[in-house]
Amino acid sequence: MASPGPVTSSLAGSEATRAPPAALTEERKRKRKESNRLSAQRSRARKLLQVDELEAEAAALRARNCAVAAAAQEAARRCAVVQAENELLHARALELGARLESLAELIQYIDAAAAMGASSIPLAGVNGTALPQQPILQTELYCNYSYYC
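Remember, the working numbering sits 393 above the position in the sequence shown when you count from 1.
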């Protein structure tokens with residue numbers, strides 16, 4: 394027959410595995426709290442690092458934006474200079490075209506006078522207007538721009 398002593402000891406062993414003692418439960422709680430605290434600390438550190446990286450990226454983008462804006466402003470300035478020069482060259486082309494036309498008329502007049510055997514050519518244009526008193530290369534439009542004079 395079995396003695397009551399060993400039966401109670403086996404019951405006490407199975408109860409110990411079912412319900413942990415209070416000291417063991419407190420130790421688990423303490424470890425879990427410590428683990429949670431460390432995890433929160435790492436999470437805050439990661440967030441701070443991410444914020445720092447984003448701030449650095451924003452500063453770099455601001456600097457790049459300023460550089461692009463300066464380059465765009467310089468390009469606009471150069472475009473304005475080229476447009477002004479283009480307008481000047483267009484005006485000069487019109488002037489030179491008119492001068493060329495005038496010279497062509499003068500050559501026709503001289504050729505016509507030579508063909509008729511005239512010994513002296515009067516100083517008058519083809520249509521009876523007086524020839525210019527100034528040299529052909531100096532006109533008002535040409536000398537209005539100090540760049541070309």
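All residues carry an ideal CB built from backbone N, CA and C; glycine is no exception.
Spanning the alpha carbons of L487 and C472 requires a straight line of approximately 22 Å. Boundaries of the alpha helix (DSSP H) around G490: A415 to A508.
K424 and T418 have their C-alpha atoms roughly 10 Å apart. CA-to-CA, the gap between A491 and A468 works out to about 34 Å. Between the alpha carbons of A433 and R439 lies a gap of roughly 10 Å.
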